[in-house]
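These notes are about the structure you will find just below.
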Amino acid sequence: MSKWLLILICVCVILALFAKAIGEEVPSVLVSVEGWESSSWGDYPNHEGHERRKLLFRMNTGKIRYAIQYSYCADKSHAPNVATPEGYIGMPEPRWENFYGNGFLYIVVNGIDIGLTKPFAIRKLEDGERGSVQIIWQHFAQIQGFCLQNSVSENCRGLFGCIQRHFDGFCEPYGFR
Numbered sequence: 138m139s140k141w142l143l144i145l146i147c148v149c150v151i152l153a154l155f156a157k158a159i160g161e162e163v164p165s166v167l168v169s170v171e172g173w174e175s176s177s178w179g180d181y182p183n184h185e186g187h188e189r190r191k192l193l194f195r196m197n198t199g200k201i202r203y204a205i206q207y208s209y210c211a212d213k214s215h216a217p218n219v220a221t222p223e224g225y226i227g228m229p230e231p232r233w234e235n236f237y238g239n240g241f242l243y244i245v246v247n248g249i250d251i252g253l254t255k256p257f258a259i260r261k262l263e264d265g266e267r268g269s270v271q272i273i274w275q276h277f278a279q280i281q282g283f284c285l286q287n288s289v290s291e292n293c294r295g296l297f298g299c300i301q302r303h304f305d306g307f308c309e310p311y312g313f314r
């Protein structure tokens, strides 16, 4: 093999790799938070005709889109707390059938269901390599948080929760309560 042919092959390989690197996009997660919606709880016992408030946020990796829904019963009969006939955090996407959308998740901190108070804040934290949304409850002068994240890295492809500060708590699906 001639020296020039070897150099030509090396240059072609380098150019091909360079072209591939330029054409590749950095994976990202797009996070959108939709506005609050009001509806009725329908005929749920103790919530007949009560106002249901819900907020939906989506995390889209380009390959799959997750949606997380937070909802509560805003009727004055529950004041100063809020209530829900089901869990307050649901997951209607990627498929309603695989993840229960109305609500299946309760968050209990030091034996107290923190979802009985309205969140202090719900906000998008970041887009990009990792997308995350934060829900913060203020309860008994302590602020506790629950962060929902979606990453496109190879190590973590799914949705997971992370505790923002240490406390004794757990999350459980509605059926295990």
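Be aware that the sequence shown starts at 138, since it is given in this note's numbering, and climbs by one per residue.
C-beta atoms are modelled at their ideal positions from N, C-alpha and C, and glycine is treated no differently.
Following the DSSP letters along the chain, one finds Glu-263 inside the beta strand (DSSP E) bounded by residues 256-263. Under the three-state reduction of DSSP output, Gly-268 falls in the strand class. Put simply, the backbone Cα of Glu-174 is about 30 Å away from that of Gly-248. Phe-194 and Tyr-225 have their C-alpha atoms some 14 Å from each other. It is roughly 23 Å from the alpha-carbon of Glu-185 to the alpha-carbon of Pro-256.
In this structure, DSSP gives Ile-251 a helical state, which the three-state scheme calls helix. Ranked by Cα distance from Val-245, the options Ile-201, Thr-254, Ala-211 are led by Thr-254. By the neighbour-count criterion, in which a residue is buried when 16 or more other Cβ atoms sit within 10 angstroms of its Cβ, Ala-204 is buried. In terms of CA proximity to Tyr-243, Pro-222 leads the group Pro-229, Pro-222, Ile-259. The beta carbon of Ala-220 sits closer than 6 Å to those of Cys-210, all from its chain and outside the five residues before and after it, given in chain order. Straight across, the Cα-Cα distance linking Pro-229 with Ser-214 is about 28 Å.
The Cβ-Cβ distance between Asp-264 and Val-166 falls below 8 Å.
For Ser-165, the three-state secondary structure derived from DSSP is coil.
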